[in-house]
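Here's the structure we're looking at; comments come further down.
Protein chains in written order, with our numbering: chain A, 177 to 683; chain B, 22 to 118.
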């Protein structure tokens, strides 16, 4: 079978058995990049030379028996807001166009310790603010399923790179849906773990109380294996959770007899595309056939998630992004009169419009005289949203719904109306406010051949419930299969579409 | 409803945000903020009297450690990222006359 068709875990298995070399997997990925990257632009930085050096080191460790985990030798892509020692980390912003970190993010370090080979850094919305990967200073990424459409965002480069087989798996970050929504748009699996599960050390902060790192993968098994590798307490992140149950691959079992699944009625209401609705409900039906008890219920406050989120996220962003001032790193304006002029010009030239919009809003809601009316109000609503979820999880084990109201929009359609773009985050955003884990898994395609994602949300620390449910769904569906009719409309080589269709004859 | 985002507020916010706005940017920012605040006003439909604000979802405490230097000397490396340096230090425009 073609190497690119393997999942990350399968690839590593073949390497450890000695059937192929680490180098072969890396070669395959570079072939794929050569063919498709110029059209798609998944990456901001590619590290070809380094990837082969790393591949060689990993191969030696595997040969000596020092590396035996499920990710040994797997080529990875890393979102460009995760620091990588010695490699440009730009956050897709002009202000960090030349920033080369002196250390790697803890999640990246852990992945490398597990034998990952880093291929490069993926494109994203500037500072992870956006839902389409169109706000990148380096230009847009295109959706591998249809290049006229966006890949979603903000982890759009990571999702597109996995879908286009320009890597075997990727890391992203999710502040309001930035892993789950692009996963949905690109037909891959994406998971945001419970807040505090993966160390944020070395993740350039957007909204610190909401940011969380997670995997984007070809299937649920890869997702569990990667999460297991990167999760864990880290004293370098003061919000890191002390949890021991990070053996996520133990949850990869088919069986959800008696699982209680609730579908919020508001997740199926106005604004939801009919084809997305149909595919998601079909997914729910399949889980019902597998033994789950599925019913609709009223999850309160769904519409209030977005205004609360944008208030809180903008407030935190305005504070976090104060550090970009052209003094210690990054871009500095060329001409200025005095320190404050330098700050202002540097920031005005360095940040894009969406980032400035959020910094301005955040500065306003935190300012004296408006703090109580806006910021504090949003924090109180957050408490109410958290309570609504607590109530929901006293009745249900899993909350099911779409990851996004539509499939991927066309390029250029979203940016003109910020509020409309923000509304696209409605199903993902409140999981961040409440700190909950969520996963998006492919559940079909629409009539245009664009992927649809089904989202599962769990209570805090219940990633295993989500993974087991997702795994059961994947198996029941017959692997990550795409309906035949859609394949003919997809504008890329059938070999690549193949990846989604194989994979059933697992283990 | 009265205009909330006046020119004075935009000036004040751009000082807080350390951003220099052109005349065109200012008008755009006024519009953008006004429409976002109108949207955010939706939160006022909810009665939050007596509700505790939640800044973090888990109860957090300050994480303390011994005051011991753990990181090595990375001065050279760190300065490589600086836009301007002098004698091993960051160089900035004169701040005190």
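Quick reminder that beta carbons are idealized off the backbone N, C-alpha and C, glycines included.
Cβ-Cβ distance between residue i and residue j below 8 Å
| i | j | result |
| --- | --- | --- |
| residue 506/A | residue 272/A | yes |
| residue 384/A | residue 496/A | yes |
| residue 253/A | residue 349/A | no |
| residue 643/A | residue 574/A | no |
| residue 521/A | residue 41/B | yes |
| residue 647/A | residue 612/A | no |
| residue 102/B | residue 424/A | no |
| residue 402/A | residue 343/A | no |
| residue 436/A | residue 386/A | no |
| residue 371/A | residue 577/A | no |
| residue 234/A | residue 291/A | yes |
| residue 581/A | residue 449/A | yes |
| residue 298/A | residue 255/A | yes |
| residue 486/A | residue 502/A | no |
| residue 38/B | residue 300/A | no |
| residue 630/A | residue 584/A | no |
| residue 50/B | residue 30/B | no |
| residue 625/A | residue 321/A | yes |
| residue 237/A | residue 614/A | no |
Cut-off 6 Å between Cβ atoms - residues of its own chain near residue i, not counting five sequence neighbours on either side
| i | result |
| --- | --- |
| residue 183/A | 394, 395 and 398 |
| residue 366/A | 355, 356, 359, 392 and 616 |
| residue 308/A | 326, 329 and 590 |
| residue 472/A | 439 and 441 |
| residue 530/A | 305, 306 and 311 |
| residue 557/A | 480 and 484 |
Alpha-carbon spacing of residue i relative to residue j, whole angstroms
| i | j | result |
| --- | --- | --- |
| residue 76/B | residue 414/A | 14 Å |
| residue 352/A | residue 483/A | 12 Å |
| residue 188/A | residue 251/A | 10 Å |
| residue 27/B | residue 33/B | 10 Å |
| residue 347/A | residue 325/A | 22 Å |
| residue 514/A | residue 111/B | 15 Å |
| residue 361/A | residue 601/A | 13 Å |
| residue 428/A | residue 241/A | 25 Å |
| residue 595/A | residue 431/A | 41 Å |
| residue 288/A | residue 185/A | 15 Å |
| residue 293/A | residue 231/A | 6 Å |
| residue 542/A | residue 94/B | 37 Å |
| residue 239/A | residue 632/A | 39 Å |
| residue 117/B | residue 105/B | 18 Å |
| residue 422/A | residue 115/B | 52 Å |
| residue 160/A | residue 74/B | Outside the modelled stretch of chain A, which goes from 177 to 683, sits residue 160/A, for which no answer is possible. |
Residue i - partner residues in DSSP beta bridges
| i | result |
| --- | --- |
| residue 222/A | 296/A |
| residue 27/B | Beta-bridge pairing links residue 27/B to no other residue. |
| residue 368/A | 614/A |
| residue 349/A | 389/A |
| residue 363/A | Answer is none; residue 363/A lacks a bridge partner. |
| residue 631/A | 577/A and 616/A |
| residue 379/A | 258/A |
| residue 436/A | 469/A |
| residue 374/A | 407/A |
| residue 586/A | 325/A |
| residue 110/B | 107/B |
| residue 460/A | Partner(s): none; residue 460/A has no beta bridge. |
| residue 319/A | 322/A |
Cβ neighbours of residue i in the same chain (closer than 8 Å, five flanking residues each side left out)
| i | result |
| --- | --- |
| residue 561/A | 477, 480, 481, 484, 606, 609 and 610 |
| residue 279/A | 259, 261 and 378 |
| residue 338/A | 253, 344, 345, 346, 362, 364, 392, 393 and 394 |
Residues near residue i in its chain [Cβ-Cβ closer than 7 Å; skip 5 each side]
| i | result |
| --- | --- |
| residue 649/A | 459, 462, 463 and 617 |
| residue 203/A | none |
| residue 200/A | 179 |
| residue 410/A | 282, 375, 377 and 416 |
| residue 100/B | 106 and 109 |
Practice problem: Check each residue of the segment 576 to 592 of chain A: if its Cβ is closer than 7 Å to any Cβ of chain B, include it; give the result in chain order. | Solution: The residues in question: there are none.
Quiz item: At a Cβ cut of 7 Å, what residues of the segment 520 to 554 of chain A count as close to chain B, listed as they run along the chain?
Solution: Residues of the segment 520 to 554 of chain A whose Cβ lies closer than 7 Å to any Cβ of chain B, in chain order: 520, 521, 523, 524, 532, 533, 535, 536, 537, 539, 540, 543, 550, 552, 553 and 554.
Quiz item: If contact means a Cβ-Cβ distance below 8 Å, which residues of the segment 67 to 98 of chain B contact chain A?
Solution: The residues in question are 67, 69, 72, 73, 74, 75, 76, 77, 78, 79, 81, 83, 84, 86, 95 and 98.
Quiz item: Just by C-beta distance, which residues in the segment 615 to 641 of chain A are closer than 8 Å to chain B?
Solution: Going along the segment 615 to 641 of chain A in chain order, one finds 636 with a Cβ nearer than 8 Å to chain B.
Practice problem: Give, in chain order, every residue of the segment 464 to 489 of chain A whose Cβ lies closer than 9 Å to some Cβ of chain B. | Solution: Correct list: 477, 479, 480, 482, 483, 484, 486, 487 and 488.
Self-check item: Interface residues of the segment 417 to 451 of chain A facing chain B [CB-CB below 8 Å]
Solution: The segment 417 to 451 of chain A vs chain B, Cβ under 8 Å: 417.
Practice problem: Identify each residue in the segment 49 to 60 of chain B for which the Cβ-Cβ distance to at least one residue of chain A is less than 7 Å, and report them in chain order. | Solution: Those residues of the segment 49 to 60 of chain B that come within reach of chain A (Cβ to Cβ, closer than 7 Å) are 50, 53, 54, 56, 57 and 60.
Practice problem: Mind checking the segment 276 to 291 of chain A against chain B and listing, in chain order, the residues whose C-beta falls within less than 7 Å of any C-beta there? | Solution: The residues in question are 276 and 278.
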